[in-house]
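K.L.:
This is the structure I have questions about; it appears just below.
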Amino acid sequence: MREKSGIAAYFDNAWKAAYSTFEGLAVTFSWMFRRPITIQYPDKIDKPTQETLPDGYRGILEVDLDRCTGCMLCSKTCPIDCIRVKIEKNEETKERFITSFDIDIGKCMYCGLCTENCKFGAIHHSKEFEATACKRSDLVIHFTDQPRPVAKPKKDREPVDKPLGQVVRKKLKVCFEDKEGK
Amino acid sequence: MDRWDGGDMKELAEWVIRDLFSKNPDTWQYTWAIYLAGMALAAVICLGFVAVFAGPVTWVERRTAGRIMSRIGPNRVGPQGVLQWLADGIKNLLKEDLIPDDADKPLFRLAPYLVFSGMFGTFVVLPFGANLIAADLDIGVLYLMAVTTLVVVGLLTAGWASNSKWALYGGIRSAAQLVSYEVPIAFALLVVVISTGSLSTQAIIKAQGGWPWQWFVAKNPFTFIAFFLLLTSAMAEGNRIPFDLPEAESELVAGYNTEYSGMRFLFFLFEEWANLWIMGAITTLCFLGGWQIPGVSPEKISASSGWTFVGWQLLSFAIFAAKVSWIVFIVIQARWTLPRLRVDQLMSTCWKYLVPMTLVCIAGVLFMDLYIVQGGITDKIIRWIMTLLGAAVIVLFFLRARYNYKMDKDKYPGLRNEKMWYPPYRMP
Chain A
15 MREKSGIAAY FDNAWKAAYS TFEGLAVTFS WMFRRPITIQ YPDKIDKPTQ ETLPDGYRGI
75 LEVDLDRCTG CMLCSKTCPI DCIRVKIEKN EETKERFITS FDIDIGKCMY CGLCTENCKF
135 GAIHHSKEFE ATACKRSDLV IHFTDQPRPV AKPKKDREPV DKPLGQVVRK KLKVCFEDKE
195 GK
Chain B
34 MDRWDGGDMK ELAEWVIRDL FSKNPDTWQY TWAIYLAGMA LAAVICLGFV AVFAGPVTWV
94 ERRTAGRIMS RIGPNRVGPQ GVLQWLADGI KNLLKEDLIP DDADKPLFRL APYLVFSGMF
154 GTFVVLPFGA NLIAADLDIG VLYLMAVTTL VVVGLLTAGW ASNSKWALYG GIRSAAQLVS
214 YEVPIAFALL VVVISTGSLS TQAIIKAQGG WPWQWFVAKN PFTFIAFFLL LTSAMAEGNR
274 IPFDLPEAES ELVAGYNTEY SGMRFLFFLF EEWANLWIMG AITTLCFLGG WQIPGVSPEK
334 ISASSGWTFV GWQLLSFAIF AAKVSWIVFI VIQARWTLPR LRVDQLMSTC WKYLVPMTLV
394 CIAGVLFMDL YIVQGGITDK IIRWIMTLLG AAVIVLFFLR ARYNYKMDKD KYPGLRNEKM
454 WYPPYRMP
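Going down the list, the sequences are from chains A and B. So the numbering used here is basically just the index in the first sequence, starting at one, shifted up by 14. So the numbering used here is basically just the index in the second sequence, starting at one, shifted up by 33.
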């Protein structure tokens, strides 16, 4: 379109201002009838946010001790040493026990290196993310309280066979109850 | 006992003296006390009304803004967030009242009250209904123009007294902007004054009628244009976006109120939102027939008595409030539609476009009034054409809005498996 000049440009400007305001108001008015995209976390939602997150979301780490062979690869590969595994060996029966498996989620940077190294699918990112605590020590998740024998490695097992997050969810709730002094 | 058929508070006070005390208002020694009581009553009623309007309209504005931006807006305090304004007010009341060390302290303290009284003074002549007006001044429109100037003084005082660069820039800009835009407002009001032959706000309304074709907006093409020019200038006068240069949060932090906090800050915000009503009321009374009830003449209202009289008053107030709310909604919507103007654009809009156009409107209205007989056949034809034009603009607006909605409707389910239809009355 050719640039107008002089008196034509003057009226063209005035007309454009009026016309674009009219069209703009029509656009914004149509938005009054469209669904807002806001998700009203945490209370006014249809289903928990954890269920709406995409697969591959890196939430709080979860360990399935039924699968853990105690190889310590996750602990060794962790760049910030937030996974602490203690293994003790019964000298008579040559049986190995996991005496403690702690993950400090206050330190964890959710890089996912531990899950890549775990050949047995024992450590995973769950979709849990709501970890709030009054003390830093409450953010350390203890996956076992008493020594338990390591799992036997099975080669033909599926990587994951149960929904993730159940263990962590339970552990986090324990944290909250401790905080409230129960 | 005589019936009260007065127009404003003064006549109500005289009626009280005459009929309740059986005294002559001109000679009774306590007349001043009744007048004073009438003034206080009018002030309290108007202040209560402003407070109750300016508060919830902030909620309306934020909800509207939310929906336009595909958000929800405040919906937590009270049912659907309607008490959000109370929460904000209480929060601001409890905040510390900070005054900068280098500020000009008396002026700093004074400025919010200047701004507030400049805004509140207009309520003297703004009618609310057929006989609901604080004072029906003969120079109503002139008084309106004069008293709003106090706002400029207040804003400039606030900017100067803060002793801050941002505040000073904001104050200077507000002075430049508000003084400039008073010119097109005065000219646009002059169009109405010429058509009426009176400066009194009630006389302007009584010169119009209840039906749309009796309004000044439909009187002739020049008043039709003057209506939009007045609305634009009033938005600039009220510091609304797209003419939000004194506050310009992207450039000037918050403009003239940068250094203010707590209750004093609240006074500025209060003035801004109460201005919405003033804006809407001025445009309504000048161009949209004010409180006129369709099919009921003002004489019939003042001739009625008892509860019928009260009923007419309430109905006229409801009609006036509905028209004002419509204007207020358009102004709110324009805020969230249009980008802000630059300073030079603002000035050229005023001096190059609005002022000459309003002058042309004045000339046109003078011409039309000279050569077209009121109530004649030409007058009727012009009024009908203008009414149909106005209706066509409104219908076209809704068609365009519908088109915009339909354009995106089919794409929507791809994002989420819900329907896009979500009207404003559905509150999330």
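Virtual Cβ for every residue (Gly too), placed ideally from N, Cα, C.
With DSSP collapsed to three states, give me the class of S358 (chain B).
P.N.:
In this structure, S358 (chain B) counts as helix in the three-state DSSP scheme.
K.L.:
Look at the alpha carbon of Y436 (chain B) and the alpha carbon of N272 (chain B), and state the distance between them as a whole number of angstroms.
P.N.:
For Y436 (chain B) and N272 (chain B), the distance between alpha carbons rounds to 32 Å.
K.L.:
Do we get a CB-CB distance below 7 Å when we pair Y214 (chain B) with the residues of chain A?
P.N.:
Chain A, which has no Cβ nearer than 7 Å to the Cβ of Y214 (chain B), makes this no.
K.L.:
For a contact defined as C-beta to C-beta under 7 Å, what are the partners of A40 (chain A) on chain B?
P.N.:
Those within 7 Å of A40 (chain A) in chain B are F430, R433, A434, N437.
K.L.:
Out of B:Y445, B:V343, B:A307, B:I427, which has the shortest C-alpha to C-alpha gap to G151 (chain B)?
P.N.:
Checking every option, the nearest Cα to that of G151 (chain B) belongs to B:A307.
K.L.:
Taking 7 Å as the CB-CB limit, is R104 (chain B) close to chain A?
P.N.:
So yes, R104 (chain B) belongs to the interface.
K.L.:
Would you decide whether D41 (chain B) is buried or exposed? Buried here means 16 or more other CB atoms lie within 10 Å of its CB.
P.N.:
Under this definition D41 (chain B) is a buried residue.
K.L.:
Beta-carbon within less than 7 Å of L379 (chain B)'s beta-carbon, same chain only, minus the 5 sequence neighbours each way: which residues are those?
P.N.:
Q210, F276, L278, listed in sequence order.
K.L.:
Going straight from the alpha carbon of W29 (chain A) to that of G20 (chain A), what length do you get?
P.N.:
Approximately 15 Å, taken between the alpha carbons.
K.L.:
Report yes if the C-beta distance between V398 (chain B) and F255 (chain B) is below 7 Å; otherwise report no.
P.N.:
For V398 (chain B) and F255 (chain B), yes; Cβs fall inside 7 Å.
K.L.:
Specify, as a first and last residue, the run of the beta strand (DSSP E) that F257 (chain B) falls within.
P.N.:
That residue, F257 (chain B), is in no beta strand (DSSP E); its alpha helix (DSSP H) goes 254-270.
K.L.:
Quick one: what's got a C-beta closer than 6 Å to G192 (chain B)'s C-beta in the same chain, skipping five residues either side?
P.N.:
Around G192 (chain B): A200, L201, G203, G204, Y289.
K.L.:
Check whether the Cβ of D52 (chain B) lies closer than 6 Å to any heavy atom of the ligand MG, and answer yes or no.
P.N.:
Here there are no bound small molecules, and the ligand MG is not part of this structure.
K.L.:
Is R96 (chain B) buried or exposed, if buried means 16 or more other CB atoms sit within 10 Å of its CB?
P.N.:
Buried, by the Cβ-count rule.
K.L.:
On the CB-based measure, 16 or more other CB atoms within 10 Å of its CB, does H138 (chain A) come out buried or exposed?
P.N.:
So H138 (chain A) ends up on the buried side.
K.L.:
What does P456 (chain B) reach in chain A if we use C-beta pairs closer than 8 Å?
P.N.:
M46, F47, listed in chain order.
K.L.:
Quick one: any contact between the segment 217-235 of chain B and the segment 380-397 of chain B, if contact means 3 or more CB pairs under 8 Å?
P.N.:
The segment 217-235 of chain B vs the segment 380-397 of chain B: in contact.
K.L.:
Look at the alpha carbon of S114 (chain A) and the alpha carbon of I59 (chain A), and state the distance between them as a whole number of angstroms.
P.N.:
Each residue's Cα considered, the two are about 37 Å apart.
K.L.:
What do you reckon, are the CB atoms on F143 (chain A) and G70 (chain A) nearer than 7 Å?
P.N.:
No, the Cβ-Cβ distance between F143 (chain A) and G70 (chain A) is not below 7 Å.
K.L.:
Could you check which residue in B:G106, B:V157, B:V93, B:V49 has the C-alpha nearest to that of L80 (chain B)?
P.N.:
Residue B:V157 is the option with its Cα nearest to L80 (chain B).
K.L.:
At the 7 Å Cβ level, is T52 (chain A) part of the contact set with chain B, yes or no?
P.N.:
Answer yes: the Cβ-Cβ gap between T52 (chain A) and chain B drops below 7 Å somewhere.
K.L.:
For a quick check, are the C-beta atoms of C82 (chain A) and A165 (chain A) less than 7 Å apart?
P.N.:
Yes. Within cutoff.
K.L.:
Using three-state DSSP, classify Q346 (chain B) as helix, strand or coil.
P.N.:
Three-state DSSP puts Q346 (chain B) in a helix.
K.L.:
Does any C-beta atom of chain B lie closer than 7 Å to the C-beta of A145 (chain A)?
P.N.:
No, its Cβ sits nowhere closer than 7 Å to a Cβ of chain B.
K.L.:
Hey, which unbroken runs of the beta strand (DSSP E) at 3 residues or more fall wholly within the segment 136-188 of chain B?
P.N.:
Fully enclosed beta strand (DSSP E) runs of 3 or longer: not present.
K.L.:
Answer with buried or exposed for D169 (chain B), where buried requires no fewer than 16 other C-beta atoms within 10 angstroms of its C-beta.
P.N.:
Buried.
K.L.:
State the DSSP-derived secondary structure class of Q235 (chain B), mapped to helix, strand or coil.
P.N.:
Reduced to three states, the DSSP call for Q235 (chain B) is helix.
K.L.:
Verify the CB distance criterion: does Y386 (chain B) have a CB-CB separation below 7 Å to chain A?
P.N.:
Judged by the 7 Å Cβ criterion, Y386 (chain B) is in contact with chain A.
K.L.:
Check this for me: beta carbons of I16 (chain B) and A163 (chain B), under 7 Å apart or not?
P.N.:
Here chain B has residues from 34 to 461 only, and residue 16 (chain B) is not among them.
K.L.:
Just checking: is the beta-carbon of F25 (chain A) within a distance shorter than 7 Å of some beta-carbon in chain B?
P.N.:
It does not: the Cβ of F25 (chain A) has no partner Cβ on chain B nearer than 7 Å.
K.L.:
When you compare the segment 327-345 of chain B with the segment 370-378 of chain B, are there three or more beta-carbon pairs, one atom per stretch, that lie closer than 8 Å?
P.N.:
With a cut-off of 8 Å, the segment 370-378 of chain B and the segment 327-345 of chain B do not count as touching, because too few Cβ pairs lie within range.
K.L.:
Return the Cβ separation of I94 (chain A) and M123 (chain A) in integer angstroms, given the expectation that the two are a contact with Cβ distance under 8 Å.
P.N.:
The Cβ separation is near 6 Å, so the contact holds.
K.L.:
Within the same chain, show all residues whose beta-carbon is closer than 6 Å to that of D38 (chain B), passing over the 5 residues directly before and after it, in chain order.
P.N.:
Low per-residue confidence applies at D38 (chain B): pLDDT is 47, beneath 50, and the placement is therefore not dependable enough to give any value.
K.L.:
Pop quiz: S349 (chain B) and I326 (chain B) are said to be a contact at Cβ under 8 Å. What is the actual Cβ separation, rounded to whole angstroms?
P.N.:
About 6 Å separates the two Cβ atoms, so the contact holds.
K.L.:
Return the first residue and the last residue of the alpha helix (DSSP H) that I395 (chain B) is part of.
P.N.:
Where I395 (chain B) is concerned, the enclosing alpha helix (DSSP H) stretches over 388-404.
K.L.:
Give the DSSP bridge partners of W454 (chain B), in chain order.
P.N.:
The partner list for W454 (chain B) (beta bridge, DSSP) reads A:R48.
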